[in-house]
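Novice: Numbering follows the numbering used here, with no gaps: position 33 of the sequence shown is 33.
Note that beta-carbon positions come from the ideal geometry of N, C-alpha and C, so glycine has one too.
Quantities reported herein were computed from a predicted structural model and do not represent experimental measurements.
First the structure, which I've put down as structure tokens, then a few questions once you've had a look.
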Amino acid sequence: MVKKKRLKTPEDIADVVNSALRQTLGRSVNTILTVVITVVALLIFGSTSIWNFSFALLIGLIAGTYSSIFIAAQLWYVWKNKELKKKGTIKTYKEKKVYSDEPQV
């Protein structure tokens, strides 16, 4: 079960970012290596008609991986810190509405 907590300090936000990166880093690296090996094989053994596509795909994979791992988490951290300074406490979940059986008048 996911632990839902309110982020009250920048350290709480840093802990969330750190644990999220640790959980996804292995999967991200394994996935990108598998795809990069395939694309490099296309570059080496493929025909000239798909070489440009394979090269663009390789550059896109590298740029996307770099951005996902090294840029996106830090941007989210900065964004949530600014939100924390404005609001005071950040909820990491949406509260469910409670409905009653009583008629509304």
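Candidates A63, T38, I32: which alpha carbon is nearest S54's?
Specialist: It is T38.
Novice: With 16 as the cutoff for other CB atoms within 10 Å, does E11 come out buried or exposed?
Specialist: By the 10 Å Cβ count, E11 comes out exposed.
Novice: To the nearest angstrom, how far is the alpha carbon of Y77 from that of A14?
Specialist: Going from the Cα of Y77 to the Cα of A14 covers about 7 Å.
Novice: Let me confirm a value: K85 is counted as buried when at least 16 other C-beta atoms fall within 10 Å, else exposed. Which label applies?
Specialist: When all chains shown are included, K85 counts as exposed.
Novice: Should L61 and V35 be called a contact, given that it needs their Cβ atoms to be closer than 8 Å?
Specialist: Their beta carbons are under 8 Å apart, which means L61 touches V35 by this criterion.
Novice: Considering only their Cβ atoms, is the gap separating V17 from A73 smaller than 8 Å?
Specialist: It is a contact, given that the beta carbons lie within the stated cut-off.
Novice: L25 and I69 look like a contact to me (Cβ under 8 Å); what is the Cβ gap, rounded to whole Å?
Specialist: That belief holds up - the Cβ atoms of L25 and I69 are roughly 7 Å apart, short of 8 Å.
Novice: If you reduce the DSSP assignment to three classes, tell me which class E102 lands in.
Specialist: Looking at E102 - three-state DSSP - the assignment turns out to be coil, as it is neither helix nor strand.
Novice: Buried or exposed: where does K97 fall if 16 or more other Cβ atoms within 10 Å of its Cβ makes it buried?
Specialist: Classification of K97: exposed, given that the 10 Å Cβ count is below 16.
Novice: When you compare only the Cα positions, how much space is there between T65 and K80?
Specialist: If you take the alpha carbons of T65 and K80, they lie about 22 Å apart.
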